[in-house]
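The block underneath contains the structure these notes are about, expressed in structure tokens.
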Amino acid sequence: MKDRQNSYSYEELLACGRGELFGAGNAQLPLPPMLMFDRITEITEDGGEYGKGLIDRSLQVVRQQSRVEVVQGRNLTSTLTEG
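Position 73 of the sequence shown, counted from 1, bears residue number 242 in the numbering used here, the numbering being contiguous throughout.
Okay, structure coming up:
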């Protein structure tokens, strides 16, 4: 059996989304913002709930914070929001 790649980086996932990874006519992943993971860390032919294979992927979630300042009369009120 041919050795297959068992992990993919973010750049490789983007190449797959553009149709550059597996060639014309093959399946493509969605591109951001619809891509729901940023790397595939493991692909196996066995494993998983039914022993038919497993794809393990991950997504790094970055927490963004912004500071909103509202002027009320002479008092300055600051609110920290997360998004």
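A virtual CB, placed ideally from N, CA and C, is assigned to each residue, including glycine.
Query: 6 Å CB neighbourhood of residue 226 in its chain, flanking five on each side removed; Result: 206 and 209
Query: Cα-Cα separation between residue 198 and residue 185, rounded to whole angstroms; Result: 6 Å
Query: Residue 219 in three-state terms, based on DSSP; Result: coil
Query: Residue 229 versus residue 194 - alpha carbon distance; Result: 30 Å
Query: Proximity to residue 180 [Cα-Cα], best of 172, 200 and 215; Result: 200
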